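Please read the structure below before turning to the comments.
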Amino acid sequence: MIVRSEENTWHDSTIGKIGGVVDFVMLYLKSTNEDDTETDALRWLNNMVVKPGSAKSSNVVLLPGWRISRKDELEDLALIRYLEKRGIPSDLARKTYFEAYVQEVGTGKRMYTLAFENEDEGYSLRNIFMKGTVGPQTVTFKRGEVAKPKAVHLFKDSFDYLSALLRFPQYVSQHDSIVLNSVRHLTAAFPYLVGYGYQTLYSWMDNTERGNNATLAINRFVRTQDGLGHKPMNGLYRAFKDVNDWHVATSEC
3 MIVRSEENTW
13 HDSTIGKIGG
23 VVDFVMLYLK
33 STNEDDTETD
43 ALRWLNNMVV
53 KPGSAKSSNV
63 VLLPGWRISR
73 KDELEDLALI
83 RYLEKRGIPS
93 DLARKTYFEA
103 YVQEVGTGKR
113 MYTLAFENED
123 EGYSLRNIFM
133 KGTVGPQTVT
143 FKRGEVAKPK
153 AVHLFKDSFD
163 YLSALLRFPQ
173 YVSQHDSIVL
183 NSVRHLTAAF
193 PYLVGYGYQT
203 LYSWMDNTER
213 GNNATLAINR
223 FVRTQDGLGH
233 KPMNGLYRAF
243 KDVNDWHVAT
253 SEC
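Numbering (the working numbering), first residue to last: 3 to 255.
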């Protein structure tokens, strides 16, 4: 798909369609078996954008140009449907994400997104239209169910983490997990791997050039750590870009 942001248009050559934001939402609603008229699309868009003044500001975290004005428990139907399309059920999502109202400073423009907190109290944000960040950016550490586990998992983002957790619940949940939130934070994960008694690091990087480079960087780091081995898991989903794409494509539901 080609998106021309300056024109607010898109073109998907695989289905031979071109259109604007409303057309895109109509196709999205149709794909989720919802009513997909223009009126339905406009209503959905209206629900995705919060009007100025409708949310009480709490100034949780800041980023140049944007801030989170409010956090709530995840309840928004559009966000839940988005997660379900990515194979993530609402009960698990509520344990992982906040519903965040995000405001552009100076314009009053607002939207709401999923918010995933990191170890420095910053957030990774995403909804069907965007991925973004506010506040300090670093990794998120998830403690496993077993005390002092012998293994740790390393994921690119929260969708990949939850996908693996759903497909291998005992295997992943027993061990510690580190979510990078972006591969550019890879080196921020390394201090969590030193001196904790881990014997195996399972990495779940993308099957892309950037993902392969991350896997190589992990290999180089692991070779400096006595007693720590590295097992790349991307062969499991070799035909797909990442863990979540594999999960969506191969899930029975």
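Even glycine gets a Cβ: it sits at the ideal position worked out from N, Cα and C. Quantities reported herein were computed from a predicted structural model and do not represent experimental measurements.
Boundaries (first-last residue) of the beta strand (DSSP E) holding residue i
i      : result
Phe157 : 153-157
Thr1   : Because the chain is modelled from 3 through 255, residue 1 falls outside the range shown and cannot be assessed.
Asp178 : 178-181
Ser1   : As shown, the chain starts at 3 and ends at 255. That puts residue 1 outside it, with no answer to give.
Phe118 : 112-119
Lys73  : 68-75
Gly134 : 133-136
Leu304 : Past the edges of the chain, shown from 3 to 255, lies residue 304, and the structure says nothing about it.
Ser126 : 125-128
Residues near residue i by beta carbon distance below 6 Å, same chain, minus five either side
i      : result
Thr109 : none
Ala216 : Val185, Leu188, Met207
Ser126 : Phe118, Thr135, Asn183
Ser160 : Phe118, Val181
Leu85  : Ala95
Same chain only: Cβ atoms within 7 Å of residue i, ignoring 5 sequence neighbours per side
i      : result
Asp38  : Met28, Leu31, Lys32
Pro151 : Gln176, His177, Asp178
Opening and closing residue of the alpha helix (DSSP H) in which residue i lies
i      : result
Tyr239 : Counting along the chain, Tyr239 falls outside any alpha helix (DSSP H), and DSSP gives it neither H nor E.
Val174 : 171-175
Ile82  : 79-87
Phe223 : 211-224
Between the CA atoms of residue j and residue i - distance to the nearest angstrom
i      : j      : result
Leu116 : Val196 : 31 Å
Thr189 : Val174 : 22 Å
Gly231 : Gln201 : 6 Å
Glu36  : Leu81  : 14 Å
Ala153 : Arg145 : 11 Å
Leu218 : Arg212 : 10 Å
Val245 : Ser92  : 19 Å
Phe157 : Val181 : 5 Å
Pro193 : Arg222 : 14 Å
Trp248 : Gly237 : 11 Å
Phe131 : Lys243 : 19 Å
Asp78  : Lys233 : 38 Å
Arg112 : Phe170 : 37 Å
Residue from the options with nearest C-alpha to residue i
i      : options                        : result
Asn120 : Thr202, Glu75, Leu94, Thr142   : Thr142
Val148 : Arg240, Gln172, Leu164, Val136 : Gln172
His155 : Ser179, Met132, Asp162         : Ser179
Leu94  : Arg112, Asp159, Leu168, Phe157 : Leu168
Arg128 : Phe157, Arg88, Pro151          : Arg88
Glu75  : Ser165, Gly229, Lys97          : Lys97
Thr220 : Asp228, Ser92, Ser205          : First, the amino acid is wrong: residue 220 is Ile here, not Thr. Out of Asp228, Ser92, Ser205, Ser205 has the C-alpha closest to the C-alpha of Ile220.
Tyr114 : Ser71, Ala251, Glu86           : Ser71
Ser253 : Ser165, Gln227, Glu77          : Ser165
Tyr163 : Ile90, Ala241, Glu77, Asp78    : Ile90
Val224 : Leu203, Arg240, Asn209, Thr210 : Leu203
Met235 : Arg112, Asn209, Glu86, Lys111  : Asn209
Gly229 : Leu85, Tyr198, Glu86           : Tyr198
Residues near residue i in its chain [Cβ-Cβ closer than 8 Å; skip 5 each side]
i      : result
Thr140 : Asn120, Glu121, Asp122, Gly124, Asn183, His187, Ala190
Trp68  : Val104, Gln105, Glu106, Val107, Gly134, Val136
For residue i, the three-state DSSP class (helix, strand or coil)
i      : result
Arg96  : helix
Leu31  : helix
Val141 : coil
Ala1   : Summary: the structure shown does not reach residue 1, with the chain confined to residues 3 through 255, and so no result is reported for it.
Val148 : coil
Ser205 : strand
Ser160 : helix
Val107 : coil
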